[in-house]
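Below is one structure, written out as structure tokens; the observations come after it.
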Amino acid sequence: QRLDRLITDISNASRLDAELSRDDPRPVDVRKLLFDIAGIYQTSKGGQGAKVSHSGENREPVLVMGREGPLGQVFRNLIDNARSFSPKGAPVRVQLRRERGQALVTVEDEGPGLPPENLETVFQRFYTSRPKGASFGGNSGLGLSIARQIIDAHGGRIWAENRIDETGAVRGARFTVSLPEVKP
-2 QRLDRLITDI
8 SNASRLDAEL
18 SRDDPRPVDV
28 RKLLFDIAGI
38 YQTSKGGQGA
48 KVSHSGENRE
58 PVLVMGREGP
68 LGQVFRNLID
78 NARSFSPKGA
88 PVRVQLRRER
98 GQALVTVEDE
108 GPGLPPENLE
118 TVFQRFYTSR
128 PKGASFGGNS
138 GLGLSIARQI
148 IDAHGGRIWA
158 ENRIDETGAV
168 RGARFTVSLP
178 EVKP
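Using my numbering, the first residue of the sequence shown is number -2, and each one after it goes up by one.
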């Protein structure tokens, strides 16, 4: 299964550049895209059991120039990762806000967080690190690398950080995507 997943992910990564250069970007409403994706997770019965919630500043469209399919792939990948690291029943929060001409999307979990030295490494191809006891072969180590490739192609940024509470303890991971906003 891991080899099948790896071959599929490598094939998808190889096709990505061609697809991104072939499709013309157009305005994408990130608010609606996130709402639709979160809704799928909220109504599906399978998966890890982590609950996906979505919030945004308002109901107005938040537009970025891009390609809806690849952007949706990024957000699904971030949510899937968050769900895989979250305890059963714990929330995965997807939030959207505007800041200085950027659409900022955060995906937060309540898992173990990331080793501080790996906050950038997680975006390298084939990087994978799972907590002890996690099943081997459930991922290829390409998802976050592909996500970065897609976000870079859209003129944005993606980064990881740990969620830290007031005592300094790690309370989970946070992935943030920043994309230039366009006006309607």
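Note that beta-carbon positions come from the ideal geometry of N, C-alpha and C, so glycine has one too.
Quick caveat: nothing in here was measured; it's all calculated off a predicted structure.
Using only the alpha-carbon positions, how far apart do P181 and S52 sit? Rounded to the nearest angstrom, the two C-alpha atoms are 22 Å apart.
Straight-line gap, R56 to L30 (C-alpha atoms, nearest Å): 12 Å
Suppose contacts are defined by Cβ-Cβ distances below 8 Å. Is V104 in contact with I76 by that definition? Cβ distance < 8 Å, so V104 and I76 count as in contact.
For A79 and A170, what's the separation of their Cα atoms in angstroms? 8 Å
State the DSSP-derived secondary structure class of P22, mapped to helix, strand or coil. coil
Spatial distance of L116 from P58 (CA atoms): 31 Å
How is E105 classed by DSSP in three states: helix, strand or coil? strand
Indicate the three-state DSSP secondary structure (helix, strand or coil) for A150 in the structure shown. helix
CB contact flag (Q92, E178, <8 Å): no
Go through its chain and collect everything with a Cβ distance to S132's Cβ below 7 Å, but skip five positions before and after it. Its pLDDT being 47, under 50, S132 is placed unreliably by the model, and the measurement read from it follows with that caveat. Hits under 7 Å: none found.
Relative to the C-alpha of P84, which residue among I155, E65, G140 and G110 is closest? Of I155, E65, G140 and G110, the residue nearest in Cα terms is G110.
If I measure Cβ to Cβ from Y38 and keep anything under 7 Å in the same chain, skipping five residues before and after, which residues do I get? Non-local beta-carbon contacts of Y38 in its own chain, meaning distances under 7 Å to residues more than five positions away in sequence, involve V49 and I76 in chain order.
Counting C-beta neighbours from all protein chains within 10 Å, is the total for P112 16 or more, i.e. buried, or is it exposed? exposed
Whose C-alpha, out of P22, I143 and L60, is nearest the C-alpha of Q70? I143
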